[in-house]
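*Asks:*
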Amino acid sequence: MNLHQHTNELLQRVAEDILPEALSGDPLKLTDENQCIITLDEKIIVMIYLDESTRTLILTVPIAKLPEDVSRGAIMLELLRANYCWNLTQGGTLGVDRTTDLICLNYMVDLPLAEPAQMPQIISKLAAVSQHWINVIAEMSSDSEGEIPAEAGSMIRA
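Right under this line is the structure:
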């Protein structure tokens, strides 16, 4: 099975189920670099990368910049607790990007995905988890610079 084509079919299913406005423009599909970036509700960014060598999709959702204030340690502890047995991540992993200090939720999907209807469900689940953590981090932090910078999409690396 051609994984690039399969992924584009999964992305089309996402467009049909949760991004109907995307259907009026260009189809939702991978770039030549095997990447796709979608935005949900104008606030949740989902970066999708196809790794053909491992036959996986890597989904990354930037949540917020790790605060520089006194809440930094407490937030990191909460992220660790959430990761324990995927307690508060719905199967994803929370981490901090070493070059940007962005807290991100990451999720890996093995391909091919037997049931294409699962892809919109996965994206929706990750969006809900991300929104939860955006709220938690905002409540815990006194740092007002926790917003996701515009260059967050450049975090995808091959």
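Using the working numbering, the first residue of the sequence shown is number 771, and each one after it goes up by one.
Note that CB positions come from ideal geometry on N, CA and C, so glycine has one too.
Helix, strand or coil, according to DSSP, for residue 910 in the structure here?
*Replies:* Within the sequence shown, numbered from 1, the residue matching residue 910 stands at position 140. Helix, per DSSP.
*Asks:* Nearest by alpha-carbon distance to residue 862: which of 895, 876, 851 and 852 is it?
*Replies:* For this step, residue 862 is matched to residue 92 along the sequence shown. It is 876 whose Cα lies nearest to the Cα of residue 862.
*Asks:* Using the DSSP secondary-structure output, state which residues sit across from residue 846 in a beta bridge.
*Replies:* Counting from 1 along the sequence shown, the entry for residue 846 is found at position 76. The partner list for residue 846 (beta bridge, DSSP) is empty, contrary to what the question assumes.
*Asks:* Which residue marks the beginning of the alpha helix (DSSP H) containing residue 777, and which one marks its end?
*Replies:* For the purposes of this step, residue 777 is taken as the residue at position 7 of the sequence shown. Run containing residue 777: 773–788, per the alpha helix (DSSP H) assignment.
*Asks:* Quick check: the segment 879–889 against the segment 837–851, are there 3 or more CB pairs under 8 Å?
*Replies:* Flag = no, the segment 879–889 and the segment 837–851 do not touch.
*Asks:* Can you tell me whether residue 874 is buried or exposed? The criterion is at least 16 other CB atoms within 10 Å of its CB, across all chains shown.
*Replies:* Here the question's residue 874 lines up with position 104 in the sequence shown. Counting Cβ neighbours within 10 Å, residue 874 comes out buried, since at least 16 surround it.
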